[in-house]
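S.K.:
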Amino acid sequence: MKASQLFVRALEAEGVEYIFGLPGEENLDLLDALRGSAIRLVLTRHEQAAGFMAATYGRLTGRAGVCLATLGPGATNLVTAAAYAQLGAMPMVMITGQKPIKSSKQGHFQIVDVVDMMRPLTKSTRQLVSADRIPAAVREAFRLAQQERPGACHLELPEDIARETSGREPIAASHSRRPGADDKSIAAAVEAICAARRPLLMVGAGANRNTTCRMLRRFTDRLGIPFFSTQMGKGVLDETGPLWLGTAALSDGDFVHRAIERADCIVNVGHDVIEKPPFFMREGRRTVIHVNYFAAEVDPVYFPQIEVIGDVAGTVWRLAEAITPQPHWDFAAFDRIRARALEHLARHADDARFPIHPVRLVAEVGAAVGERDILCLDNGMYKLWFARYHRCRQPNTLLLDNALATMGAGFPSAIAARLVHPDRRVIAICGDGGFLMNAQELETAVRLGLDLTVLVVRDDAYGMIKWKQAEMGFADYGLDVGNPDFAAYARAYGAHGHRADSVAALARLLRETGQTPGVHLIDVAVDYTDNDRILNREIQELSAAL
Ligand SMILES: Cc1ncc(C[n+]2csc(CCOP(=O)(O)OP(=O)(O)O)c2C)c(N)n1
Ligand SMILES: [Mg+2]
Numbered sequence: 004m005k006a007s008q009l010f011v012r013a014l015e016a017e018g019v020e021y022i023f024g025l026p027g028e029e030n031l032d033l034l035d036a037l038r039g040s041a042i043r044l045v046l047t048r049h050e051q052a053a054g055f056m057a058a059t060y061g062r063l064t065g066r067a068g069v070c071l072a073t074l075g076p077g078a079t080n081l082v083t084a085a086a087y088a089q090l091g092a093m094p095m096v097m098i099t100g101q102k103p104i105k106s107s108k109q110g111h112f113q114i115v116d117v118v119d120m121m122r123p124l125t126k127s128t129r130q131l132v133s134a135d136r137i138p139a140a141v142r143e144a145f146r147l148a149q150q151e152r153p154g155a156c157h158l159e160l161p162e163d164i165a166r167e168t169s170g171r172e173p174i175a176a177s178h179s180r181r182p183g184a185d186d187k188s189i190a191a192a193v194e195a196i197c198a199a200r201r202p203l204l205m206v207g208a209g210a211n212r213n214t215t216c217r218m219l220r221r222f223t224d225r226l227g228i229p230f231f232s233t234q235m236g237k238g239v240l241d242e243t244g245p246l247w248l249g250t251a252a253l254s255d256g257d258f259v260h261r262a263i264e265r266a267d268c269i270v271n272v273g274h275d276v277i278e279k280p281p282f283f284m285r286e287g288r289r290t291v292i293h294v295n296y297f298a299a300e301v302d303p304v305y306f307p308q309i310e311v312i313g314d315v316a317g318t319v320w321r322l323a324e325a326i327t328p329q330p331h332w333d334f335a336a337f338d339r340i341r342a343r344a345l346e347h348l349a350r351h352a353d354d355a356r357f358p359i360h361p362v363r364l365v366a367e368v369g370a371a372v373g374e375r376d377i378l379c380l381d382n383g384m385y386k387l388w389f390a391r392y393h394r395c396r397q398p399n400t401l402l403l404d405n406a407l408a409t410m411g412a413g414f415p416s417a418i419a420a421r422l423v424h425p426d427r428r429v430i431a432i433c434g435d436g437g438f439l440m441n442a443q444e445l446e447t448a449v450r451l452g453l454d455l456t457v458l459v460v461r462d463d464a465y466g467m468i469k470w471k472q473a474e475m476g477f478a479d480y481g482l483d484v485g486n487p488d489f490a491a492y493a494r495a496y497g498a499h500g501h502r503a504d505s506v507a508a509l510a511r512l513l514r515e516t517g518q519t520p521g522v523h524l525i526d527v528a529v530d531y532t533d534n535d536r537i538l539n540r541e542i543q544e545l546s547a548a549l
């Protein structure tokens, strides 16, 4: 069998459904092998977008998403997506081509050391040097990418190796289970939670796995311990339920931080320090129990005293079994904080101004989606508003990136989300800055015949940096942009372009675009003048008074 065919057979053995990519001459053997395969090639208009799609496929399914690029410029375009998957713990395998390695063809034309370039961005990066090594190399890349903590792996398939022949067969995945936590560490956690007066649960990104979600639901149902989540832990537990205390969208000074200060024991499920800190730990104030697959990386803002290392779902199940609600637990302070936080969340939800108030924007989008529908956020000011104000009921229904926090991933991730979940409504929410970083993928979405809505939140600026600039006392400079007519731009791709010119029009457009097939873009102007007042001052002042 030709090496390229063996490679594709090995991908099939891993259950690969899609390859997102943009091939070059060095991938042509592999491309030809794909032609005869059930794997669907999703051709994109930029490798970075292909990488974001593959990472999102991995994030949603737990199986590595696969992307493909050529050598040199194609591979360098994958770099941001590699970092996105690696920091965000999304399983992804990247395949790049290379000139022949056994003989030189064109000197150094287009050659960069891609394997080395990928080293700091991946769990593993390697060049295939013979056809016979393909089955083990592919299996190993998928094993590593998918193993907790998931991330990116890279394989380089040079064109002369792709043309070799081999008699090998793909290697099947082994039957394997993650080890459970040690009895003594469970006992230490049980003791600390039972002894506490005000235990509190924090849900982080690593808790966002199917079984862990189920176990956490059981844990909170049985014990009634209130919870909050990090930005990437949103949706693991129902945020409309009576135990929710909010999202740690800010690192400090929010209502939820008042609850954290009152807690004497925090059970941190699935957090790691790659996410922006949900709170800052201070010496000796309270016991923090770290529940994760791996030990906590100690940091000046995170140094848990008790660690329960092992399969997270198993740990949560065992904690729920071993603990009964304690008569001395006292959640009255949390209840007061929750009541005030909910009251504050409702402010501006019916604000009638246009350009739209960010809280109203979140409310309108929330009203247009069902609990299983998916919002895919890019990075910008609106992300903070959505993280704080939008309430999720199901896991992975608000996809945001609080790890690399890159611009440009929102729209490609929505394309991947729709491919994975064709039965759900998917809305990409992007700034006028972030959307234009990968807007060319409108063509991909239209070509794929997807039903999808893109909401472009327009402030004619890099708004988030403007907010920071003002916060840091700098003069307003260097952050205003011009914009195309977004609706006309979308129509030029064969998508449906809309502009909302009132709050009522936005509500109507959000509803109608959900019922009309095709790719829709809605341009909505936003009023960010309340960024500073609400996020920097009002929340701090109101919560400090609690
Ligand atoms: C690739 C990349 N470049 C720059 C940044 C820094 N950055 C973070 S948010 C932001 C502005 C985003 O602007 P826009 O998409 O218009 O959203 P807005 O904040 O205006 O709502 C910038 C420049 C980043 N996170 N990622
Ligand atoms: Mg903007």
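The sequence shown begins at 4 in the working numbering and counts up one residue at a time. Where a beta carbon is used, it is the ideal one built from N, C-alpha and C, also for glycine.
Please classify V304: does DSSP put it in a helix, a strand, or coil?
M.R.: coil
S.K.: Considering only C-alpha positions, which residue in the set R181, T168, R129, R136 is nearest to C156?
M.R.: R129
S.K.: Identify the continuous alpha helix (DSSP H) that holds A344 and give its terminal residues.
M.R.: 335-349
S.K.: Could you spell out the range, first to last residue, of the beta strand (DSSP E) harbouring E159?
M.R.: 155-161 is the extent of the beta strand (DSSP E) around E159.
S.K.: Between the Cα of L131 and those of Q101, A503, V115, A148, spot the shortest distance and give me the residue it belongs to.
M.R.: Q101
S.K.: I'd like the ranges of any beta strand (DSSP E) spanning at least 3 consecutive residues and lying wholly in the region 492-543.
M.R.: Fully enclosed beta strand (DSSP E) runs of 3 or longer: 499-503, 522-528.
S.K.: Would you say the beta carbon of M205 comes nearer than 7 Å to a heavy atom of ligand 1?
M.R.: No, Cβ of M205 sits at least 7 Å from all heavy atoms of ligand 1.
S.K.: List the whole-angstrom C-beta distance separating L345 from Y392, where the pair is believed to meet the contact cut-off of C-beta under 8 Å.
M.R.: In fact, because the Cβ distance is near 11 Å, the residues do not count as touching under 8 Å.
S.K.: Between V19 and ligand 1, is the CB less than 7 Å from at least one heavy atom?
M.R.: no
S.K.: Distance check for Y21 and M93, CA to CA, integer angstroms please.
M.R.: 16 Å
S.K.: Secondary structure at K102, three-state DSSP: helix, strand or coil?
M.R.: coil
S.K.: What's the call for D3, buried or exposed, on a 16-neighbour Cβ count within 10 Å?
M.R.: Past the boundaries of the shown model lies residue 3; the chain is included only from 4 to 549, so the question cannot be answered.
S.K.: Please indicate yes or no: does the CB of V368 lie closer than 7 Å to some heavy atom of ligand 1?
M.R.: no
S.K.: Tell me whether K187 is buried or exposed, calling it buried when 16 or more other Cβ atoms sit within 10 Å of its Cβ.
M.R.: exposed
S.K.: On the three-state DSSP scale, how would you describe Q150?
M.R.: coil
S.K.: Report the option in G497, G236, P280, D267 whose CA atom is closest to the CA atom of G256.
M.R.: Out of G497, G236, P280, D267, the CA that lies nearest to the CA of G256 is found in P280.
S.K.: Excluding the five sequence neighbours on either side, which residues of its own chain have a C-beta within less than 6 Å of the C-beta of A199, listed in chain order?
M.R.: D267, C268
S.K.: Contact defined as beta carbons within less than 8 Å: I believe I432 pairs with D381. What is the distance between those atoms, to the nearest angstrom?
M.R.: 7 Å
S.K.: Below 7 Å, is the gap between the Cβ of G517 and the nearest heavy atom of ligand 1?
M.R.: no
S.K.: With distance defined between alpha-carbon atoms, name the residue in L124, N295, G154 nearest to G183.
M.R.: N295
S.K.: Note down, in chain order, each residue of its chain lying with its Cβ closer than 7 Å to the Cβ of L453, except the 5 sequence neighbours on either side.
M.R.: I418, R421, V522
S.K.: Taking 8 Å as the threshold (C-beta atoms), are G466 and N441 in contact?
M.R.: Here N441 is not near G466, since their CB atoms are 8 Å or more apart.
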